[in-house]
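Below: the structure, in structure tokens.
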């Protein structure tokens, strides 16, 4: 068998290295000669910056460590291929590289933008009758890719969000004083991750008491009324809010003007901070906002085992597709059974997925637009099940070093 | 034996319930009749709001679950006892309650302010010849209590900070673009927790590359020069900063004026955000700030086993002191050996601890004021060792419910 090459692209997740491990495992199984890793996404191919992964991952224990390490072993890029009708140069460079290195298959692990690259390269390969198989392997904590049940990386981020929300509940429950806590969660265009905060609810905690997603127009007055009503029932009201909430005119609930700090700089505030000031100003109650920030996407120490295993399998499945001679596909996941939860790897033409966004459908949001439905919780719950065995050295997690990225 | 009562006060930590579990275990061992738990600190005694913990914690497995649950099972308060020369009423109320409930010992788990309460109650007991033993049991993620090697709760917060910093390193390492990441860590007056970020460094990562503590005057120009220098060596510079950094005039590096967001509210920004804007404005490089916020004090899912066990022992030891007839003391910890790391419980008069702050001494900070010394790292490292066995239900941690606080 000839060689293959794999790359990662877009924002990091706790599971994108699990998909890489799956690709390596699959490529070893299908006996590709060399398994190359392109550094910093497709730009590594354009600039001939790559590693030979076959040597690095000889030992199973190194592959196992890769599987549970956060972010991206091969680095990332935000490179978008030009329209081939306008500039064919990068396409020619890429396929010349494939020929020189005797590449039979290229695997690209990424989100929406990366699937655009897979789509364009597949089309170019078809047009030029290249035999190189081009396969997309999904990843995104946003869970917004179409035609797949859910995306690799989402379950681990959701588990981090849910566990953190529960811990925030314990933290806020201690004072006998009314308070509001706003938790801002990633997801600019799709509210899946903010919705996953509902998984923090258990037998004794109803937090978060309110959930706002970008899919519903945010009404500040309705929000204030909701908070006020809940403060009659609970001492400490916890609100989960997507970073991407917008008002009825489509403007983000954020931004600021005319600000100056100690050093005289202007400032912008996110959705969480903005709601914090709104509550403070209008309800005169103790309020705090918490931005989960990038920790929600790189918190491998509390990754979901379901997510890590499914991500690995989808990497492996991508290699099987290429080995069968298929191309222009993105690996997808089908939920074959809900009770018990079961999934199977599948595939769809990447052209039907690239540049599209799967939002939270209206039927998964309550009519008031301030919570998610039990159906959405049932869909989400299996994705955060199970824990990953992380080992620790000197008190901190043992992850795979990424010395070539330093 | 008569009864005893225990309460918790101040800000929450991941280990303050371990100390409570230690008190309960110790009181069971010393055969106190009833072990009462005052709700919301000393105010629960003033208002006769309490639980009988003897019944609730009959089963060892419930006590074990308490030990690893974040924040405060009994709730907290920020009540400061008045000067007894000005108002004796609360003292009389408290000791009347002790008499009525046949209380032989009162255990108060808390930080600086709580030790002030222990001190005042001890003095009142001595003056009125009360036989009630008054014992303080330390807690604070700030590690700023005097006369003890380190404080319960600090090690778990330090482990959360170090693990998160390592994950942030992995997350930032992926792009081939220069960037600066500022991580704001709790500790308004003492930099111990920000210093613990140094424990994130390992064989492949030198992050955080800069550490700023409140103990050293913060010089914005020196900071910018440091960052600029490091950007020549590293693609992604990570800076750990205490929320309490101040300039040479003692003013906090934070605050803002004349700000207005979408809703027209004024804003304040913390140290991290302020440095973010400084870097953006002056160095024109990609920059992000991350506030670890309350997650660093309630992240029990990544608690330090060393911290949890030591916190438990200190709770137990407090009861032994009272059972021996001692009073007016705070339990302390003595490092009996550094290699191997060993500690023993001890005690000091609470009047020597209350209202005092232990800062990071100058010899633990580099002369440039932008990092900590290897000696400080050696002191900190043992405190984050070991992990706690957390079980999960439906994907989220199994903590002890606190229904009485709802």
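Chains as they are written, first to last, in our numbering: chain C, 960 to 1365; chain B, 960 to 1365.
Ideal Cβ placement from N, Cα and C applies to all residues, glycine included.
Treat the numbers as computed from the prediction; the structure is a model and nothing was measured.
Residue burial classification, residue i (beta-carbon count within 10 angstroms, cutoff 16)
i                       : result
residue 1354 of chain B : buried
residue 921 of chain C  : Lying before the first or after the last residue shown, residue 921 of chain C is absent from chain C, which here runs from 960 to 1365.
residue 967 of chain C  : buried
residue 975 of chain B  : buried
residue 1205 of chain B : buried
residue 1223 of chain C : Low confidence applies here, because residue 1223 of chain C scores a pLDDT of 49, under 50, leaving its location unreliable; read the following figure in that light. Classification of residue 1223 of chain C: exposed, given that the 10 Å Cβ count is below 16.
residue 990 of chain C  : exposed
residue 1044 of chain B : exposed
residue 1129 of chain B : buried
residue 1020 of chain B : exposed
residue 1014 of chain C : exposed
residue 1078 of chain C : buried
residue 984 of chain C  : buried
residue 1207 of chain C : exposed
residue 1042 of chain B : exposed
residue 1250 of chain C : buried
residue 1298 of chain C : exposed
residue 1302 of chain C : buried
Distance CB(residue i)-CB(residue j) smaller than 7 Å
i                       : j                       : result
residue 1080 of chain C : residue 1062 of chain C : no
residue 1270 of chain C : residue 978 of chain C  : yes
residue 1292 of chain C : residue 1107 of chain C : yes
residue 1273 of chain B : residue 1027 of chain B : no
residue 1278 of chain C : residue 1199 of chain C : no
residue 1328 of chain C : residue 1099 of chain C : no
residue 1369 of chain B : residue 1268 of chain B : There is simply no residue 1369 of chain B to check, as chain B begins at 960 and stops at 1365 in what is shown.
residue 1016 of chain C : residue 1010 of chain C : no
residue 1101 of chain C : residue 1146 of chain C : yes
residue 1317 of chain C : residue 1105 of chain C : yes
residue 1070 of chain C : residue 969 of chain C  : yes
residue 1177 of chain C : residue 1212 of chain C : yes
residue 1074 of chain C : residue 1313 of chain C : yes
Cβ-heavy atom distance, residue i to the ligand PLP, below 6 Å
i                       : result
residue 1048 of chain C : Within the structure as shown, the ligand PLP is missing, as the structure has no ligands at all.
Any chain B beta carbon closer than 7 Å to residue i
i                       : result
residue 1267 of chain C : no
residue 1046 of chain C : no
residue 1344 of chain C : yes
residue 1116 of chain C : no
residue 1035 of chain C : yes
residue 1083 of chain C : no
residue 1235 of chain C : no
residue 1338 of chain C : no
residue 1163 of chain C : yes
residue 1126 of chain C : yes
Contact with chain C by residue i, beta-carbon distance below 7 Å
i                       : result
residue 1243 of chain B : no
residue 1322 of chain B : no
residue 1178 of chain B : no
residue 1196 of chain B : no
residue 1038 of chain B : no
residue 1282 of chain B : no
residue 968 of chain B  : no
residue 1166 of chain B : no
residue 1123 of chain B : yes
Residue-level contact to chain D via CB, residue i, 7 Å cutoff
i                       : result
residue 1311 of chain C : Structure shown: chain D not included; protein chains present are C and B.
Note down, in chain order, all residues in the region 1049-1067 of chain C with a beta-carbon under 7 Å from any beta-carbon belonging to chain B.
none
For the region 1129-1137 of chain C against the region 1104-1121 of chain C, do three or more pairs of beta-carbon atoms, one drawn from each stretch, fall closer than 8 Å, so that the two count as touching?
no
Beta carbons nearer than 8 Å to chain B: which residues of the region 1349-1364 of chain C have them?
1351, 1352, 1353, 1354, 1355, 1356, 1358, 1360, 1361, 1362 and 1364
Taking a cut of 7 Å between CB atoms, which residues from the region 1128-1159 of chain B lie near chain C?
1129, 1130, 1132, 1133, 1134, 1135, 1158 and 1159
Does the region 1117-1125 of chain C come close enough to the region 1252-1267 of chain C that 3 or more CB-CB pairs lie under 8 Å?
yes
When the Cβ atoms of the region 984-1003 of chain C are set against those of the region 1018-1034 of chain C, are three or more pairs found closer than 8 Å?
yes
For the region 972-1006 of chain C, enumerate the residues whose C-beta is nearer than 9 Å to any C-beta of chain B, in chain order.
973, 998, 999 and 1002
With a cut-off of 8 Å, do at least 3 Cβ pairs link the region 1341-1359 of chain C to the region 1155-1164 of chain B?
yes
Please list the residues of the region 1243-1264 of chain B that have a C-beta atom closer than 9 Å to any C-beta atom in chain C, keeping them in chain order.
1247, 1248, 1249, 1250, 1251, 1252, 1253, 1254, 1256, 1257, 1258, 1259, 1260, 1261 and 1263
Would you list, in chain order, the members of the region 1011-1033 of chain B that have their beta-carbon closer than 8 Å to a beta-carbon of chain C?
1028, 1029, 1030 and 1031
Closer than 9 Å, Cβ to any Cβ of chain C: which residues of the region 1273-1302 of chain B, in chain order?
none
Pairs of beta-carbons, one from the region 1168-1186 of chain B and one from the region 1230-1243 of chain B, closer than 8 Å: are there three or more?
yes
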